[in-house]
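Below is one structure, written out as structure tokens, with a few remarks after it.
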Amino acid sequence: MADKSLLTTTDNRYRMLDTIRAFCTTHLDPDHTHHLHHTHATYYLHLAQTADPHLRTTHQLHWLTQLDTDYPNLHTALRWTIDHNTTLALQLISALSMYWWLRGRSDSSTLSYQLALKLGSEPPEGLEEEYVLCVLNAAFGMADHEPLRAQLATLDRLAKARTGPPAQPFLTMFWALRSGPPDDGELLSGQPEKLLGADPWSQAMVPLSEGFMAVFQGDLIEAERRFTAALRQFRAIGERWGMSQVIGELAPIAGQRGDRERALALFDEGIELTTELGATEETADLLARRGGYRMRTGDLDGAEQDYQRSAELAGRAGAPTQLGTAHLGLGDLARLRGELTEARALYTRVADECPPGLFNTDLVRVYLWISLGRLAEVEGEPAEARRWLRQAADFAAGKDFLDLHAVVLLALAGVAVAGGDPARAARLLGAGDALSGAPSIADPDVTRVSDLARTHLGDAAFDAAYAEGLALNRAEALALADSVLGG
Numbered sequence: 076m077a078d079k080s081l082l083t084t085t086d087n088r089y090r091m092l093d094t095i096r097a098f099c100t101t102h103l104d105p106d107h108t109h110h111l112h113h114t115h116a117t118y119y120l121h122l123a124q125t126a127d128p129h130l131r132t133t134h135q136l137h138w139l140t141q142l143d144t145d146y147p148n149l150h151t152a153l154r155w156t157i158d159h160n161t162t163l164a165l166q167l168i169s170a171l172s173m174y175w176w177l178r179g180r181s182d183s184s185t186l187s188y189q190l191a192l193k194l195g196s197e198p199p200e201g202l203e204e205e206y207v208l209c210v211l212n213a214a215f216g217m218a219d220h221e222p223l224r225a226q227l228a229t230l231d232r233l234a235k236a237r238t239g240p241p242a243q244p245f246l247t248m249f250w251a252l253r254s255g256p257p258d259d260g261e262l263l264s265g266q267p268e269k270l271l272g273a274d275p276w277s278q279a280m281v282p283l284s285e286g287f288m289a290v291f292q293g294d295l296i297e298a299e300r301r302f303t304a305a306l307r308q309f310r311a312i313g314e315r316w317g318m319s320q321v322i323g324e325l326a327p328i329a330g331q332r333g334d335r336e337r338a339l340a341l342f343d344e345g346i347e348l349t350t351e352l353g354a355t356e357e358t359a360d361l362l363a364r365r366g367g368y369r370m371r372t373g374d375l376d377g378a379e380q381d382y383q384r385s386a387e388l389a390g391r392a393g394a395p396t397q398l399g400t401a402h403l404g405l406g407d408l409a410r411l412r413g414e415l416t417e418a419r420a421l422y423t424r425v426a427d428e429c430p431p432g433l434f435n436t437d438l439v440r441v442y443l444w445i446s447l448g449r450l451a452e453v454e455g456e457p458a459e460a461r462r463w464l465r466q467a468a469d470f471a472a473g474k475d476f477l478d479l480h481a482v483v484l485l486a487l488a489g490v491a492v493a494g495g496d497p498a499r500a501a502r503l504l505g506a507g508d509a510l511s512g513a514p515s516i517a518d519p520d521v522t523r524v525s526d527l528a529r530t531h532l533g534d535a536a537f538d539a540a541y542a543e544g545l546a547l548n549r550a551e552a553l554a555l556a557d558s559v560l561g562g
């Protein structure tokens with residue numbers, strides 16, 4: 076009987092009081108202790124490896140709960156293996172990576188960081204993929220990537236040498252957050268299955284990845300088609316994280332078409348899915364996305380609520396990128412409300428929270444530069460505004476991102492109208508909408524500049540200049556941007 080022993084029971088599991096466990100530990104033979112720890116770690120590695128494939132199926136909630144229940148043992152096993160068996164430690168990190176991401180386990184970054192520093196810049200032979208996962212788990216939870224510079228350089232070398240799909244399918248997502256899309260604009264040389272794998276979850280990632288590429292190229296019709304295909308595949312296998320990712324991309328597309336009801340319904344569904352998963356960081360991301368949509372459509376109070384909640388969750392999850400995204404949104408709100416000192420203070424925080432080195436943090440920094448450009452414009456500092464927007468334009472050109480170029484064009488319209496050239500501002504607004512693939516419906520920044528230009532020009536002249544910009548091809552639109560940036 077447990078009630079007459081040194082054990083207790085909780086949720087049908089036997090537990091020993093910490094004081095008794097500590098006493099017993101001091102009386103164990105060291106060799107026997109090592110054997111027990113190794114056996115314990117091996118057992119929980121097997122559990123993690125058994126659970127991991129199920130996390131990409133409709134059974135993921137059951138297995139997430141199972142891993143939650145055993146997490147103290149998993150954590151203990153990983154701490155011991157980092158000190159005594161790095162092979163087992165790397166294998167544990169690989170098996171737990173998707174679980175950590177879904178559950179927002181902030182301690183995963185600390186433990187991975189300890190092992191990454193211990194291993195240095197050279198992965199153990201035969202454990203290259205596990206090494207990559209270790210370094211990326213460390214980097215995504217850190218605000219300073221400098222201590223991992225050598226390890227991240229090794230990751231870039233290993234990425235170029237990839238010839239097949241990873242054994243851990245979730246690594247596909249990590250690679251994308253580190254490196255972004257291919258610089259040549261071609262998705263995996265037209266043969267994504269060679270690098271993404273043939274399992275149903277990896278195959279659902281193919282149209283999701285293709286949808287992102289279409290967004291970057293400003294082709295919203297193609298993006299929606301690919302994302303819809305991805306959602307259909309993720310729904311078929313019942314995988315909630317994948318569904319939430321696709322929904323988070325379909326929502327703003329619906330919003331750009333002017334379908335506010337559908338956009339908000341999609342955001343709500345995505346947040347419900349990530350909340351059900353307990354994916355704190357993903358919930359923070361979707362809240363920030365919804366906040367951005369609300370801000371662009373004039374609901375500043377609703378946007379503030381979403382950004383504040385996003386910042387709270389990101390801070391709890393130890394997710395600096397999401398924290399920076401939320402603070403960027405709050406900074407934009409402050410700027411739109413005329414609270415320029417508060418806006419600059421929040422923008423400064425974003426720069427600290429999102430250092431360069433990972434693709435997702437680099438994107439946050441680019442949007443930060445655009446916001447700083449807009450701030451300088453309203454403060455009457457056109458040279459500073461052009462400097463920030465030039466940095467953003469150069470990044471967009473390096474990655475060939477038309478959607479980013481479009482945002483830069485829209486921001487440059489403010490510089491043009493402030494400089495006394497409302498006709499060029501109207502053309503920039505038209506060119507920006509052409510590159511993005513949809514008009515910037517109700518965006519407060521765009522509305523402010525548009526109203527100023529229209530007041531100076533009159534309706535007929537504004538509409539004519541806007542139409543000129545809308546008719547520009549890509550090269551002509553970028554040349555128009557350069558004419559302002561070079562001023």
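Position in the sequence shown counted from 1, then plus 75, gives you our numbering. Beta carbons are placed, not taken as given, at the ideal position from N, Cα and C, and that holds for glycine. It should be emphasised that the depicted structure is a prediction, and the values quoted were computed from it without experimental measurement.
Closest to residue i by CA distance: which of the options is it?
i           : options            : result
residue 198 : 228, 438, 182, 185 : 228
residue 173 : 136, 152, 154      : 136
residue 242 : 235, 170, 349      : 170
residue 200 : 290, 161, 413      : 161
residue 532 : 212, 501, 381, 447 : 501
residue 331 : 111, 383, 517, 124 : 517
residue 140 : 354, 118, 297, 158 : 354
residue 404 : 194, 476, 370      : 370
residue 183 : 202, 158, 149      : 149
residue 226 : 449, 248, 343, 193 : 193
residue 523 : 464, 273, 372      : 372
residue 520 : 413, 271, 540      : 413
residue 399 : 280, 443, 495      : 443
residue 152 : 124, 116, 123, 417 : 116
residue 297 : 310, 283, 557, 376 : 283
residue 529 : 499, 255, 463      : 499
residue 463 : 450, 278, 474, 347 : 450
residue 217 : 303, 181, 497      : 181
residue 109 : 156, 124, 146, 205 : 156
residue 465 : 558, 145, 277      : 558
residue 130 : 551, 441, 277      : 277
residue 560 : 317, 422, 467, 143 : 467
residue 113 : 128, 144, 154, 138 : 154
Please list, in chain order, all residues of the same chain as residue i whose beta carbon is under 7 Å from its beta carbon, the five residues on each side excluded.
i           : result
residue 454 : 415
residue 207 : 230, 233, 246
residue 396 : 429, 435, 436, 439
residue 547 : 506, 509, 555
residue 209 : 165, 168, 187, 190, 191
residue 223 : 191, 210, 213, 214
residue 380 : none
residue 349 : 319, 357, 358, 361
residue 553 : 480
residue 132 : 312, 313, 314
residue 457 : 490, 493, 494
residue 329 : 337, 338, 341
Between which residues of its own chain and residue i is the CB-CB distance below 8 Å, once the five residues before and five after are set aside?
i           : result
residue 452 : 460, 486, 489, 490, 493
residue 356 : 176, 179, 388, 389, 392, 394, 397
residue 433 : 214, 215, 220, 252, 253, 396
residue 265 : Model confidence at residue 265 stands at a pLDDT of 46, short of 50, so the residue's coordinates are unreliable and nothing is read from them.
residue 383 : 401, 405
residue 342 : 322, 323, 326, 361, 364, 365, 368
residue 545 : 505, 506, 508, 509
residue 542 : 505
residue 376 : none
residue 120 : 152, 163, 166, 167, 170
Under 6 Å Cβ to Cβ from residue i, same chain only, skipping five residues before and after it: list those, please.
i           : result
residue 261 : Because residue 261 carries a pLDDT of 45, less than 50, the predicted location of this residue cannot be relied on, and the following value inherits that uncertainty. Nothing listed; no residue qualifies.
residue 360 : 397
residue 385 : 359, 362, 363, 401
residue 308 : 279
residue 427 : none
residue 263 : Confidence is the limiting factor: at residue 263 the pLDDT is only 40, short of 50, which leaves the residue's position unreliable, though a coordinate-based value still follows. Correct list, in chain order: 270.
residue 124 : 170
residue 275 : 312
So with Cβ pairs under 9 Å, would you call residue i a contact of chain D?
i           : result
residue 299 : The structure shown contains no chain D; it holds only a single protein chain.
Residue i and residue j look like a contact to me (Cβ under 8 Å); what is the Cβ gap, rounded to whole Å?
i           : j           : result
residue 345 : residue 319 : 5 Å
residue 478 : residue 291 : 6 Å
residue 315 : residue 352 : 5 Å
residue 512 : residue 333 : That pair is no contact at about 13 Å.
- Task: For the stretch 100 to 139, list the alpha helix (DSSP H) runs that are entirely contained and at least 4 residues long, ordered along the chain.
- Result: 105 to 126
- Which runs of the alpha helix (DSSP H) spanning at least 4 residues fall entirely within the stretch 418 to 467, listed in chain order? 434 to 453
- Give, in chain order, every unbroken run of the alpha helix (DSSP H) that is at least 4 residues long and sits entirely within the stretch 344 to 422. 355 to 371, 375 to 392, 395 to 411
- Every unbroken alpha helix (DSSP H) inside the stretch 475 to 523 [4 residues or more]: List check, alpha helix (DSSP H) in window: 477 to 493, 497 to 511.
- Message: Going residue by residue through the stretch 189 to 251, where are the continuous beta strand (DSSP E) segments of at least 3 residues, counting only ones entirely within it?
- Response: none
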